[in-house]
Amino acid sequence: MKISPTVSIYKIEFDPHYYHRYKSEIADIGQSDINKWLDSIPFLKAEMDHFFSVHPKLEREYQQLVLRENNNSSISNDTDYYIVDLEYANMENGSRFDLLAVKWDSTSGSHKTAEDVRLVFVEKKYGDGALNGSAGITKHFEDLFRFFSDQSKVATIYLEAETMLNQKIELELVRGVKKTINISKGKPEFLILMANHKPAKSAFKRELKIVTEAPYYQELIKLVDIKIPQASYMGYGLYRDRMMTLEEFLNGN
490 MKISPTVSIY
500 KIEFDPHYYH
510 RYKSEIADIG
520 QSDINKWLDS
530 IPFLKAEMDH
540 FFSVHPKLER
550 EYQQLVLREN
560 NNSSISNDTD
570 YYIVDLEYAN
580 MENGSRFDLL
590 AVKWDSTSGS
600 HKTAEDVRLV
610 FVEKKYGDGA
620 LNGSAGITKH
630 FEDLFRFFSD
640 QSKVATIYLE
650 AETMLNQKIE
660 LELVRGVKKT
670 INISKGKPEF
680 LILMANHKPA
690 KSAFKRELKI
700 VTEAPYYQEL
710 IKLVDIKIPQ
720 ASYMGYGLYR
730 DRMMTLEEFL
740 NGN
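In terms of my numbering, the sequence shown opens at residue 490 and continues consecutively.
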């Protein structure tokens, strides 16, 4: 669903590329008929579900699960991260990240004061199919170093992330959070969210070893903390104590 402002109204559209069964129920809705669009949401979801059953995007599905678990589930107040945006793209500075998040420790003291909420950038990988080449780990880290080396680019994202997070809180899309959040300017994190990596395969460790031996790596970790999340008993919640550094992962800790 695409919502665009015009002079006097908001215009609503649905991409006909996804039509399968309910085209007649959706296609004739007026562009600003909000009540009919709200009524059509189950049909829109059915169309999307059918499309992705034929053209699956497992990484996209995994993103949705991570967002739901950490933002709006029965355990979301106990996790240490909230998801701000999926498929984040900033046209002004050319940055793109699979997920944009914040780290906010789930202790009662931290939740009460919200004084140390850190910005988090996330790269997700599903399986072992895209670990090298133009979309691989080493290429991504080279781009990451160029991005974090220009702190003006990083600074532009802080305010945008803060605005998006507080919009979600205002719309009650983040469970249990009632206060306005200010993201601190402390050292950000970068997470490699690896879903269903086969431990017996060596490609992931091989690519990470190349990264840690790269000439830029020591400078990069001065700018951003790099972590690999581990699951907590098969869930999708992100917890501070389940984060590994690249060195810990490579050493088998």
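Ideal Cβ placement from N, Cα and C applies to all residues, glycine included.
Whether residue i touches residue j by CB criterion (7 Å)
i, j, result
"A578", "I670", "no"
"V573", "A590", "yes"
"E514", "F532", "yes"
"V643", "F679", "no"
"R664", "N524", "no"
"Y499", "E548", "no"
"I481", "E736", "Coverage of the chain is limited to positions 490 through 742, which leaves residue 481 absent and any answer about it impossible."
"D617", "K716", "no"
"L608", "P677", "yes"
"E708", "I626", "no"
Alpha-carbon to alpha-carbon, residue j and residue i
i, j, result
"N685", "Y725", "12 Å"
"L660", "A516", "28 Å"
"A720", "S497", "48 Å"
"G519", "H600", "44 Å"
"K628", "D522", "46 Å"
Bridge partners - residue i, DSSP secondary structure assignment
i, result
"A684", "Y615"
"A590", "I572, V609"
"F679", "F610, I715"
Fill in: Entirely enclosed alpha helix (DSSP H) segments - the segment 541-587, minimum 4 residues
Complete alpha helix (DSSP H) runs here, min 4: 547-560.
Item to complete: With a floor of 3 residues, list each beta strand (DSSP E) that falls wholly inside the segment 699-739, ordered by position along the chain.
Response: Taking only runs of at least 3 residues, the beta strand (DSSP E) segments lying wholly in the segment 699-739 are 714-718.
Worksheet item: Taking three-plus beta-carbon pairs below 8 Å as touching, is the segment 535-542 in contact with the segment 626-645?
Response: no
Worksheet item: Between the segment 721-738 and the segment 562-576, do at least 3 Cβ pairs fall closer than 8 Å?
Response: Judged by Cβ distances under 8 Å, the segment 721-738 makes contact with the segment 562-576, as three or more pairs qualify.
Item to complete: Only counting runs of 3 or more residues, tell me where the beta strand (DSSP E) segments fall wholly within the segment 490-538, in order along the chain.
Response: 491-494, 499-502
Fill in: beta strand (DSSP E) segments (min. 3 residues) lying fully within the segment 621-662
none
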